[in-house]
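Q: Residue 812, in our numbering, is where the sequence shown stops; the numbers in between run on with no holes.
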Amino acid sequence: MSLLVASPVAGTVMPMSEVPDPVFAEAMVGPGLAVEPAGGRQDAVAPVDGTVITLHPHAFVIATEDGKGVLVHLGIDTVKQKGDGFTLHVVKGEPVRAGQPLIGWDPEAVRAAGYSPVVPVVALDAQPGMLSGFRAAGEVTTGEALFVWT
663 MSLLVASPVA GTVMPMSEVP DPVFAEAMVG PGLAVEPAGG RQDAVAPVDG TVITLHPHAF
723 VIATEDGKGV LVHLGIDTVK QKGDGFTLHV VKGEPVRAGQ PLIGWDPEAV RAAGYSPVVP
783 VVALDAQPGM LSGFRAAGEV TTGEALFVWT
């Protein structure tokens, strides 16, 4: 079954290889795309329908009904912010719909704290050939398609 993975934030699409962190850039956790977020306080939304199986102030994983896991990481090294500036709108174990606000945050505050606000969107445990329809570099709005996972 094909899964459309949508952008959790508005901004500029970039290849995962350009993410300033080798774990993401080298697709160690899985393939995907990243988004350099637009400025200002915003909500990161669910990129797919599913259940929140991992939830941190700076990151979450949603598992779909058929077991696919999508990781969204809000910024690089933002775990060091210890939740400062992030507001959780859901709890672990909660079922969510694509487009539902999950975490409020401010990419500009992340940048001001000395971290990259880039948002990797990762198809966990997927093989590169399982993803297609990659969105070309350029502007993306929240909820627009990033890629398809088959």
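In this text, a Cβ means the ideal position worked out from N, Cα and C, and glycines have one as well.
Quick caveat: nothing in here was measured; it's all calculated off a predicted structure.
Quick one, which of 674, 808 and 759 has its alpha-carbon nearest residue 710's?
A: Walking along the sequence shown from the start, residue 710 turns up at place 48. Nearest option by C-alpha distance: 759.
Q: Take residue 737 as the anchor and find which of 697, 755, 714 and 717 has the nearest alpha-carbon.
A: Within the sequence shown, the letter at position 75 stands for residue 737. The residue with the shortest Cα to Cα distance from residue 737 is 697.
Q: Buried or exposed: which applies to residue 656, given that a residue is buried once 16 or more other Cβ atoms fall within 10 Å of its Cβ?
A: No information on residue 656 is available, as it lies outside the stretch 663 to 812 that the chain covers here.
Q: For residue 784 and residue 691, which I take to be in contact (beta-carbon distance under 8 Å), what is that distance rounded to the nearest angstrom?
A: Numbered from 1 along the sequence shown, position 122 holds the residue referred to as residue 784. Numbered from 1 along the sequence shown, position 29 holds the residue referred to as residue 691. With a Cβ gap of about 5 Å, residue 784 and residue 691 count as contacting.
Q: If distances are taken between C-alpha atoms only, which option among 671, 700 and 681 comes closest to residue 770?
A: Sequence index remark: in the sequence shown, residue 770 carries index 108 (1-based). Ranking the options by Cα distance to residue 770, first place goes to 700.
Q: Find out if the Cβ-Cβ distance for the pair residue 767, residue 706 is shorter than 9 Å.
A: Translated into positions along the sequence shown, residue 767 becomes position 105. Translated into positions along the sequence shown, residue 706 becomes position 44. Yes; because the gap between Cβ atoms is below 9 Å, this pair is in contact.
Q: Please look up how many angstroms separate the CB atoms of residue 765 and residue 786, rounded, as I've assumed it's under 8 Å.
A: Translated into positions along the sequence shown, residue 765 becomes position 103. Translated into positions along the sequence shown, residue 786 becomes position 124. With a Cβ gap of about 18 Å, residue 765 and residue 786 do not count as contacting.
Q: Can you check DSSP and say which residues form a bridge with residue 809?
A: Stepping through the sequence shown from its first residue, residue 809 is reached at position 147. Looking at the DSSP assignment, residue 809 forms a beta bridge with 667.
Q: When the distance is taken between beta carbons, is residue 675 closer than 9 Å to residue 774?
A: Your numbering for residue 774 matches position 112 in the sequence shown. Your numbering for residue 675 matches position 13 in the sequence shown. Going by C-beta atoms, residue 774 is not nearer than 9 Å to residue 675.
Q: Mapping the DSSP letters down to three states, classify residue 782 as helix, strand or coil.
A: The residue given as residue 782 occupies position 120 in the sequence shown. Of the three classes helix, strand and coil, the one that applies to residue 782 here is strand, per DSSP.
Q: Would you kindly work out how many angstroms separate the C-alpha atoms of residue 804 and residue 746, rounded to a whole number?
A: Looking up residue 804 in the sequence shown gives position 142. Looking up residue 746 in the sequence shown gives position 84. Their Cα atoms are separated by approximately 23 Å.
Q: Can you name the start and end residues of the alpha helix (DSSP H) that residue 816 belongs to?
A: Since the first and last residues shown for the chain are 663 and 812, residue 816 lies out of range.
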